[in-house]
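This report refers to the structure that appears directly beneath it.
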Ligand code: UGA
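In my numbering, the protein residues as written are 26 to 491.
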């Protein structure tokens, strides 16, 4: 059992604190936002994250985790001090705003005693570990000593607990390998590969990982546009590519592109750092441009249909930037809804978790109690977020209740033939084969969804051998 203090109870800090408590450690979380602190002290999560609430309550009951706004009550007894505060994009620029990190480093420094390992979990610009070390040196309590370790977090919203407890790897960077080894001891039970490196390389691994995943998404989205123009189906292209072990299947879902608090911010920040360092980050710029174009193109498709009606109504299924979260940061839904409303379209939406925040961000948005109510009387139904609960909707009932049964599937979630059979006009992303003469043949030979691809491969194999 180790004494751990976590500064900042956002997504990363809270997941880190709760999971480390669950692994048997004694954890104090320092959070200066009094609203969040009140909720946490009552055992309530201030964020939406499946599974984390139950784990929080269990560890509060067993006394392994507590919350305070007071550095003096958490920092001095901690052997490990995690910094997990926000690093938003700096106002008016693309660089990261490090004000929260600076404040945390200055404050914790004054409360250090004996030897402490200070661990940076937040995604921070390359060089921040050295900078934090300088700040702490300038403010540190007498007779204290410390090391700084970079330990970037790779968890995803919506699966944060699972990602923390079953990481693909743990990355630790430090100028002192002994400090990194001490941190490694916290993760040994997770049985993940541990990569030990220097501070700046560890910081860069995080940015490079997010930028690479974002690049995959923009790559497949660019393919989707080409597929539309040339009469191919991007969904099947992705499946066919993914079986190449060097490529793999993940992060090749074409759709509305990436949103959220990480990919857009981190790609922008990396491009900014590259510019500052005299590089020319042309690939990163293209990744961002393609991501933006994807939303614009889909909105145009929706408008083109909607504007055929007088007083058009568009129904949005989903608002959150992805399923299993209420997070609307950089969500495609915001751009889509704003553009449609600016064109005089009535926008009605349903999201299982994000409607409360959406009404404040999107004045004029109508919210519906469920998907059926959202679609009633609408001219276009747009699937924006691929929540599981949208997979089993009675599409016939929905189509019959709409003024005009048009479905724009922003995540390629629905089977085109199934929805067409109940009367919908279907438009997906990169499904060029649907408008192509030979599409029926292609569809019977190569199944688009993962569940049936195995049998279709056998079919194709037989075809080839015959
Ligand atoms: C991302 C990374 O996946 C985490 O590893 C990382 O720790 C985190 O950022 C972070 O830096 O904190 P997250 O933003 O929670 O996690 O969400 P993802 O599940 O990665 O999805 C990001 C976006 O990409 C979503 O908008 C999703 O809809 C989109 N996406 C994802 C696609 O459009 N296509 C895909 O194939 C995959």
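For every residue, glycine included, the Cβ atom is placed at its ideal position computed from N, Cα and C. Quick caveat, the model's predicted, so the values are computed rather than measured.
Checking 7 Å against the spacing of the C-beta atoms, do residue 435 and residue 323 come in under that value? Yes; because the gap between Cβ atoms is below 7 Å, this pair is in contact.
Count the other CB atoms within 10 Å of the CB of residue 301; is the residue buried (16 or more) or exposed (fewer)? Exposed is the call here.
Cα-Cα separation, residue 41 to residue 410: Roughly 27 Å between the two C-alpha positions.
Could you tell me which of 383, 326, 135 sits nearest to residue 165, measuring between CA atoms? The residue with the shortest Cα to Cα distance from residue 165 is 135.
Can you give the Cα-Cα distance for residue 444 and residue 457, rounded to whole angstroms? Using only the alpha carbons, I get a separation of about 17 Å.
Residue 180: CB within 6 Å of a non-hydrogen atom of the ligand UGA: Yes, since a heavy atom of the ligand UGA falls inside the 6 Å radius drawn around the Cβ of residue 180.
How many angstroms separate the CA atom of residue 59 from the CA atom of residue 260? Going by the C-alpha atoms only, they are around 46 Å apart.
Should residue 347 be listed as close to the ligand UGA, given that the test is whether its C-beta is under 6 Å from any heavy atom? Checking the Cβ of residue 347 against the ligand UGA gives yes.
Start and end residues, beta strand (DSSP E) containing residue 342: Its beta strand (DSSP E) spans residues 338-342.
Where residue 370 sits in the DSSP three-state scheme: Looking at residue 370 - three-state DSSP - the assignment turns out to be coil, as it is neither helix nor strand.
Option in 240, 48, 71, 231 with minimal Cα separation from residue 34: For residue 34, the nearest C-alpha among the options comes from 71.
If contact is defined by three or more beta carbon pairs under 8 Å, each pair taking one atom from either stretch, is the stretch 197-210 in contact with the stretch 169-178? Touching, per the Cβ criterion.
Classify residue 268 as buried or exposed, calling it buried when 16 or more other Cβ atoms lie within 10 Å of its own Cβ. The residue is exposed, with fewer than 16 neighbouring Cβ atoms inside 10 Å.
Under the three-state DSSP convention, the category residue 151 falls into: Residue 151 falls in the coil class under three-state DSSP.
In chain order, what are the residue ranges of uninterrupted beta strand (DSSP E) at least 3 long that sit wholly in the stretch 49-88? As far as the stretch 49-88 is concerned, its whole beta strand (DSSP E) runs of at least 3 residues are 51-55.
Pair every Cβ in the stretch 184-200 with every Cβ in the stretch 242-251, then say whether three or more of these pairs are closer than 8 Å. Taking 8 Å as the limit for Cβ pairs, the verdict is that the stretch 242-251 does not touch the stretch 184-200.
Is any non-hydrogen atom of the ligand UGA found closer than 6 Å to the C-beta of residue 278, if you look at the structure I gave you? Here the distance from the Cβ of residue 278 to the nearest heavy atom of the ligand UGA is below 6 Å.
I'd like to confirm something about residue 108: is its beta-carbon nearer than 6 Å to some heavy atom of the ligand UGA, or not? Relative to the ligand UGA, even the nearest heavy atom lies 6 Å or more away from the CB of residue 108.
Secondary structure of residue 114, DSSP reduced to three states: Here residue 114 sits in strand by DSSP.
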